[in-house]
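Here the protein sequences come in this chain order: A and B. Reminder that position 150 of the first sequence reads as 149 in numbering that gives the first Met the number 0, one-by-one numbering, no gaps. Reminder that position 4 of the second sequence reads as 3 in numbering that gives the first Met the number 0, one-by-one numbering, no gaps. Every residue, glycine too, gets a C-beta built ideally from N, C-alpha and C. Read through the structure below, which is laid out as structure tokens, and then see the notes.
Protein chains: 2
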Amino acid sequence: MDEPLHPDVAELGFLIGTWRGRGTGVYPTIEPFTYEEEITIRPASGKPFLVYEQRTRRPATGEPLHAEVGYFRAVGGPTVELVVAQPTGIAEVHTGTVRDATVHLRSVEVARTPTAKEVTSVERTLVVEDATLRYELHMGAVGQPHQLHLKAVLHRA
Amino acid sequence: MDEPLHPDVAELGFLIGTWRGRGTGVYPTIEPFTYEEEITIRPASGKPFLVYEQRTRRPATGEPLHAEVGYFRAVGGPTVELVVAQPTGIAEVHTGTVRDATVHLRSVEVARTPTAKEVTSVERTLVVEDATLRYELHMGAVGQPHQLHLKAVLHRA
């Protein structure tokens, strides 16, 4: 937290921190699952974006599951953008809004390497209240309609 | 380097490390510039990818310039994929090959947030020889044809 905060990202400041918690995943094509998660969101040398890093583990074994990295961009007023890279070969590019400590983002494009799974739409909602971050991720993928995939509750570490 | 290396990424092992050096940027729409750069490429808990982080600074002042994060994916044989997120609102998804300590990647898709610059094609070549990493980045952007944009020489830290 030593890095100065760019004035444009002040509205996203409530996201900054290290967050730990648990989530659940569902989708018609898979068995439901639970995961442990750590999210870090931090400013970047006075630039108008926040750096985002995430990883999840299997609760019983600690085995790494998903990971992603990217940037939250403040682009003026309540408009927010998100760029995310995933080791599964997928990159998401979102646009959305921030209001009342709630960020709502919808994918503009989901880019895929030739070997990646077919993901066609992603929608992410993050809400911070006191020291708790809750998010939901909806996804359209592998021929299935856009629907709830992930839901998690994390606490500021 | 405590993390075990997934056998599929063994062929990319020559990229692993922290690399520091200098580069030059050119493009018809901008003044030529130089930059200092640090690249870190590291394994990820035995998973079949490498984590990639990069940032550049203005040599005279140390002011942060570009940054990007992403993943090199080993997907079988000499085939390599790269997923990169940039705080400029751009995500690149590449496919390519690794051969003789040379990785050659071409963008399959370049995804952009609504406020990002128009980047249409990116090509990245990385060559490691002894403790030196050289790369070139070609780019088609803002109406200009695909051409050399960045060239850098870095040394293993």
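Cβ of residue i within 8 Å of any chain B Cβ
| i | result |
| --- | --- |
| GLY12 (chain A) | no |
| VAL74 (chain A) | yes |
| ILE38 (chain A) | no |
| VAL102 (chain A) | no |
Reduced DSSP category for residue i - H, G, I as helix; E, B as strand; rest coil
| i | result |
| --- | --- |
| LEU64 (chain B) | strand |
| LEU4 (chain B) | coil |
| ALA43 (chain A) | coil |
| GLU10 (chain B) | helix |
| GLY95 (chain B) | strand |
| GLY75 (chain B) | coil |
| THR114 (chain B) | coil |
Short Cβ contact (8 Å threshold) for residue i with residue j
| i | j | result |
| --- | --- | --- |
| ALA84 (chain B) | VAL83 (chain A) | yes |
| GLU117 (chain A) | VAL92 (chain A) | no |
| HIS145 (chain A) | GLU108 (chain A) | no |
| ARG105 (chain B) | THR112 (chain A) | no |
Min CB distance residue i to chain A below 8 Å
| i | result |
| --- | --- |
| ALA59 (chain B) | no |
| TYR70 (chain B) | yes |
| ARG41 (chain B) | no |
| PRO113 (chain B) | yes |
| PHE48 (chain B) | yes |
| SER44 (chain B) | yes |
| VAL181 (chain B) | Nothing in the structure corresponds to residue 181 (chain B), since chain B is present only between 0 and 156. |
| VAL141 (chain B) | no |
| MET0 (chain B) | Because MET0 (chain B) carries a pLDDT of 46, less than 50, the predicted location of this residue cannot be relied on, and no value is offered for it. |
| THR124 (chain B) | no |
| GLN53 (chain B) | no |
Option in the options with minimal Cα separation from residue i
| i | options | result |
| --- | --- | --- |
| GLY24 (chain B) | B:ALA140, B:LEU147, B:GLY75, B:ASP129 | B:LEU147 |
| VAL152 (chain A) | A:GLY45, A:ARG72, A:THR55 | A:THR55 |
| ALA59 (chain B) | B:THR124, B:PHE32, B:ASP129 | B:PHE32 |
| GLY45 (chain A) | A:VAL68, A:VAL8, A:VAL126 | A:VAL8 |
Paired residues, beta bridge with residue i - DSSP
| i | result |
| --- | --- |
| LEU149 (chain B) | B:GLY24, B:LEU136 |
| ARG155 (chain A) | A:TRP18 |
| GLU30 (chain B) | The partner list for GLU30 (chain B) (beta bridge, DSSP) is empty, contrary to what the question assumes. |
Chain E contact for residue i (CB, 8 Å cutoff)
| i | result |
| --- | --- |
| GLU80 (chain A) | Any reference to chain E falls outside this structure, whose protein chains are A and B. |
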